[in-house]
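Numbering (the numbering used here), first residue to last: 1 to 170. Glycine included, every Cβ here is placed at the ideal spot set by N, Cα and C. Since this is a predicted model, take the numbers as computed values, not measurements. Since the structure comes first, as structure tokens, the remarks are kept for the end.
Written as structure tokens, this is what we have:
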């Protein structure tokens, strides 16, 4: 006699990878590498709740000292897609936060070490796009900005990042 619209949920598994190495001269360079895995549940037509885990490392090499940084982040965000489910191009915006754990180790040529561990909440926002290749496979890329937990109550800084990867919907 009467019916209501049904909204079937869709799950998405994504993997993103980032690597960058910058040489300042033959003795000074910086390298970063991160990987992120995420699971998103799309409810309604254009919204998702996404949970993610990021693991990364960075090194800064200079004559006289070397700095290593390890980072882990556990995130949750809401993603709002600006397209319908059938669209092959899907731009999106997202907002959320993550719990970040950063470990910094500074090694000096004289043998001294200065370790530091910083952890805390990091809110973020981003924009991106997904190109669907078929109904269940896509390529996604985006840009994020987040605040970063700082040591010793220093002023807030903002981190910027770009990412690219693949996603599977089921």
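Looking at the strands, I want to know which residues DSSP matches up with residue i.
i, result
"residue 32", "20, 58"
"residue 154", "None, per the DSSP bridge assignment."
"residue 167", "14, 138"
"residue 109", "Partner(s): none; residue 109 has no beta bridge."
"residue 123", "97"
"residue 91", "129"
"residue 47", "43, 80"
"residue 25", "Note: residue 25 sits in no beta bridge, so no partner."
"residue 37", "15, 53"
"residue 64", "None, per the DSSP bridge assignment."
Do residue i and residue j have their C-beta atoms closer together than 9 Å?
i, j, result
"residue 168", "residue 138", "yes"
"residue 78", "residue 95", "yes"
"residue 12", "residue 45", "no"
"residue 128", "residue 92", "yes"
"residue 52", "residue 76", "yes"
"residue 56", "residue 32", "yes"
Can you round the beta-carbon distance between residue i and residue j to whole angstroms, since I take them to be within the 8 Å contact cut?
i, j, result
"residue 124", "residue 97", "6 Å"
"residue 154", "residue 102", "13 Å between Cβ atoms; not a contact."
"residue 163", "residue 18", "6 Å"
"residue 65", "residue 23", "In fact, because the Cβ distance is near 17 Å, the residues do not count as touching under 8 Å."
"residue 111", "residue 140", "Not a contact, Cβ separation roughly 45 Å."
Could you tell me which of the options sits nearest to residue i, measuring between CA atoms?
i, options, result
"residue 67", "10, 29, 24, 41", "29"
"residue 82", "26, 131, 165, 157", "131"
"residue 74", "92, 99, 84, 88", "99"
"residue 54", "24, 145, 71", "71"
"residue 146", "160, 87, 136", "160"
"residue 35", "20, 104, 115, 42", "20"
"residue 87", "104, 117, 133, 14", "133"
"residue 136", "105, 85, 37, 38", "85"
Less than 9 Å between CB atoms is the rule here; does residue i satisfy it with respect to chain D?
i, result
"residue 36", "Absent here is chain D; the protein component of the structure consists of one chain."
| message | I want to know whether the region 56 to 63 touches the region 22 to 38 - three or more CB-CB distances under 8 Å. | response | yes
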